[in-house]
Structures are given as structure tokens and as C-alpha cells.
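Have a look at the structure below before the remarks.
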Amino acid sequence: MTSGKAAAEVLSARTLFALPAAIALFVLTSPGGAWADAPTPTYEHAVSSALDIVRQASSGDVNAAQQASAILKAGTGLTQPEILADLTATPPAFADAQKRLTALLDAIEHPATTADPSLAQSRLHEVLSMSRYDALHRQPSALDNFAQWVRDRINDLLRAIFGNTGPTGSVATWIVYTAGLLIMAGVALFVFYSTRGRFSGGFAVKGVEGPHTPADFFAEADRLAARGDRVAAIRALCAGVAATLAGERTWEGSPLTVREIFQRAPDPARLRPLLLPFEAAVYGGREVDEEAYGRAAAVAEQFRAPVEKAA
């Protein structure tokens with residue numbers, strides 16, 4: 405009885421140790437009982453396997469496309485969106501996918517390498533050290549920084565005006581800048597036309613409408629000088645000379661300066677006694693004394709006499 409009991413205990417102990425071993429052996433040898441999933445394919449292996457499937461797939465084979473897409477995604481992730489798009493298209497674009505996979509596999513198998521990396525790096529450094537590449541190493545100048553600041557402020561202004569439709573918004577940048585250029589051109593045009601005839605301000609030919617003849621300007625100069633308004637009088641003298649040199653509408657409508665109009669005279673230097681006090685009065689806000697006006701009137705006299713004779 406005692407020996408039978410001992411034998412039973414030995415058998416139970418053996419069974420206790422054998423059972424875990426049997427379970428482990430079953431799990432390891434079972435096709436569907438692996439503890440972990442199959443190892444993730446390498447990048448190259450995934451590309452190669454997907455290429456094999458694509459090559460053998462028939463046109464419109466959605467199952468083959470899904471299988472190739474799954475293998476490619478498992479090994480390469482989302483790094484090949486164009487190929488994945490070909491495989492998930494309806495119908496699958498196998499021809500384009502095969503071209504892309506072939507090129508990708510060739511790039512993986514034949515990478516751009518060099519036998520001497522240090523020598524290649526040295527050659528690259530020599531090339532980049534050439535004077536033509538100095539701009540790559542040079543820090544932006546103060547002018548560059550200022551230009552960038554101006555561009556940034558313009559972008560800020562456009563964003564403030566147009567909101568989300570400005571640069572980086574829902575409307576293309578070139579459209580916004582074109583609109584800005586048109587606005588600036590309009591402002592420039594307005595300023596240009598508003599300044600035409602700016603030298604004629606300060607006097608008007610009394611009783612004369614429309615374009616003024618040189619004789620009108622000279623007569624107005626006499627009237628203003630007699631009244632003591634020599635600044636307006638010297639304007640009228642310059643207007644008479646300018647109208648004589650370049651036509652009746654020159655003073656009211658020409659964009660040229662008086663100095664530029666006077667260059668048309670046979671001897672522009674002789675007009676300096678008239679031009680200088682005019683510029684001092686118009687640009688410098690100075691008064692015209694009687695002596696200076698007398699010299700200016702004497703210079704203008706040579707243009708006045710032929711006009712009055714013709715009149």
C-alpha cells in the first residue's frame with residue numbers, strides 16, 4: 405500500500421512537470437498559435453514583394469492591388485504616397501505603380517555612394533569655397549534686412565486689408581500683389597496729374613479763359629509787379645518764357661520742371677537770373693527783392709519783345 409502510494413506521487417510529479425512542457429511545445433509548433441505576429445518586412449523586401457505582385461497581377465485585380473498595398477505599407481509606411489495611390493485607385497494603376505516600384509527598387513539596390521567619402525567631402529568643400537558661392541556663407545547685409553522688413557510689413561498690410569484672402573490665404577499671392585501694384589499705380593497717377601501745372605499756382609491771368617498766350621503771362625507779370633507781388637510776378641515771367649519756348653499749354657500741363665523747359669532756350673545759361681530767384685521763391689519760400697526781379701525781367705525781355713510785336 406505504501407509503495408503504491410509512493411508510485412502515484414511520483415507519477416503525479418512527472419505529470420505536473422510534463423504538462424507545461426507539452427503546452428509550450430504545442431504553442432511553438434502550432435501554425436496559428438505564435439505569440440507574436442510575423443516580423444515586419446524590411447524596406448527593400450517590401451518594395452520587392454510588392455513589385456512581384458504588381459508584375460503578376462492582371463488588369464483590374466483589386467485583391468492583388470490590396471495585397472501589394474498592404475505589404476508596401478507594412479515595410480515602408482506612408483513614405484510612398486504616389487505608389488499607394490496607384491494601388492488604391494479604381495481600377496488599380498498597375499502600369500504606373502510598376503514603373504515607380506522598379507525605379508524605387510533600383511535606387512535602393514544601387515545607392516549613390518562614393519569609394520572615398522572624405523575625398524568627396526573635401527572636393528565639395530573646395531567647390532563651395534569658390535567666390536561664386538560667397539553669398540551662401542555671407543550674413544544678410546543691413547540693406548537686405550531692411551528690404552526683408554519692408555516686404556514683411558507689406559505682407560502684414562495686405563493681410564490686414566484682405567484678411568484670409570491675402571498672402572498664404574485662400575487667394576493666390578500673385579493676385580494680391582497685382583492688386584497692390586494697381587493701387588500704387590493709381591496713387592502715382594493721381595499724384596502725377598495733381599501736380600501738373602503746379603508752377604502756375606499763385607497767380608491767374610485776369611479775364612482770360614482757356615490756354616494763355618505768352619503775351620497774357622507777361623501782361624499779368626506787369627500787373628502783379630506793379631501791385632508789389634513779385635513772387636507771383638516772377639512766376640508769370642517764367643510762364644511767359646516757358647510758353648514762348650515750348651507752347652501755350654506748357655505751363656498748365658507739362659510734367660517738366662521749369663529748369664527742364666528752359667533747357668530748350670538757345671542759351672540756357674542766360675536764363676539763370678530768372679530761374680534762380682524763381683526756384684528760391686517756389687522751392688525755398690523766399691521773397692523776391694526788387695533788384696532780383698529787375699534782373700529777371702531784363703532776361704525775360706528778350707522773349708517778350710518778339711511776342712508783343714507779333715501780337
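Residues in the sequence shown are numbered consecutively from 405, following my numbering.
Ideal placement from N, C-alpha and C gives every residue a C-beta, glycine not left out.
Problem set entry | Glu691 - DSSP class collapsed to helix/strand/coil | Here residue 691 corresponds to residue number 287 of the sequence shown, with the count starting at 1. Reduced to three states, the DSSP call for Glu691 is coil.
Exercise. What is the DSSP secondary structure of Gln552, reduced to helix, strand or coil?
Worked result: Here residue 552 corresponds to residue number 148 of the sequence shown, with the count starting at 1. Judged by DSSP in its simplified three-state form, Gln552 adopts helix.
Problem set entry | Boundaries of the alpha helix (DSSP H) in which Arg653 is found, first to last residue | Numbered from 1 along the sequence shown, position 249 holds the residue referred to as residue 653. Going by DSSP, Arg653 is part of no alpha helix (DSSP H) at all; its letter is neither H nor E.
For this session: Return no unless some Cβ of chain B is closer than 8 Å to the Cβ of Val554.
Result: Of the protein chains in this structure there is only one, and it is not chain B.
Problem set entry | Simplified DSSP assignment, three categories, for Pro521 | The residue labelled residue 521 in the question sits at position 117 within the sequence shown. Secondary structure of Pro521 (DSSP, three-state): helix.
Exercise. Any chance the stretch 448-462 sits against the stretch 515-527, with 3 or more Cβ pairs inside 8 Å?
Worked result: Touching, no.
For this session: Out of Ile475, Glu705 and Ala700, state which residue places its alpha-carbon closest to the alpha-carbon of Val635.
Result: The residue you call residue 635 lines up with position 231 of the sequence shown. Measuring from the Cα of Val635, the nearest candidate turns out to be Ala700.
Exercise. So what does DSSP say about Gly632, is it helix, strand or coil?
Worked result: Within the sequence shown, numbered from 1, the residue matching residue 632 stands at position 228. DSSP places Gly632 in coil when its eight states are reduced to three.
For this session: Would you mind reading off the limits of the alpha helix (DSSP H) that contains Thr506?
Result: Position 102 of the sequence shown, counting from 1, holds the residue named residue 506. According to the DSSP assignment, Thr506 belongs to the alpha helix (DSSP H) that extends over Phe498 to Glu513.
Problem set entry | Minimum length 4: unbroken alpha helix (DSSP H) runs contained in the stretch 452-495 | Annotation: the stretch 452-495 contains the following complete segments of the alpha helix (DSSP H) (minimum length 4 residues), in chain order: 466-480 and 485-492.
Exercise. Between which two residues does the alpha helix (DSSP H) harbouring Leu678 extend?
Worked result: Walking along the sequence shown from the start, residue 678 turns up at place 274. Where Leu678 is concerned, the enclosing alpha helix (DSSP H) starts and stops at Arg676 to Val686.
Problem set entry | Residue closest to Asp465, alpha-carbon to alpha-carbon, out of Ala696, Thr446 and Thr492 | Start at 1 with the first residue of the sequence shown, and residue 465 comes out as number 61. Comparing Cα positions, the closest option is Thr492.
For this session: Determine the direct distance from the alpha carbon of Glu683 to that of Gly689, and round the result to whole angstroms.
Result: Walking along the sequence shown from the start, residue 689 turns up at place 285. Walking along the sequence shown from the start, residue 683 turns up at place 279. Per the coordinates, the alpha-carbon of Gly689 lies some 9 Å from the alpha-carbon of Glu683.
For this session: Using the Cα positions of Ile512 and Pro445, report the straight-line distance between them to the nearest angstrom.
Result: For this step, residue 512 is matched to residue 108 along the sequence shown. For this step, residue 445 is matched to residue 41 along the sequence shown. Distance between the alpha carbons of Ile512 and Pro445 is about 15 Å.
Problem set entry | Environment of Trp655 [buried if 16+ CB atoms lie within 10 Å] | For the purposes of this step, residue 655 is identified with residue 251 of the sequence shown, where counting begins at 1. Buried, since its Cβ has 16 or more Cβ neighbours within 10 Å.
Problem set entry | Candidates Ala516, Val703, Arg555 and Arg639, of which the one nearest Glu691 by Cα | The residue given as residue 691 occupies position 287 in the sequence shown. Closest in C-alpha terms to Glu691, from the list Ala516, Val703, Arg555 and Arg639, comes Arg639.
Exercise. Grouping DSSP H, G and I as helix and E and B as strand, with all else coil, what is Ser533?
Worked result: Residue 533 sits at position 129 when you count from the first residue of the sequence shown. In the three-state scheme derived from DSSP, where H, G and I count as helix and E and B as strand, Ser533 is classed as coil.
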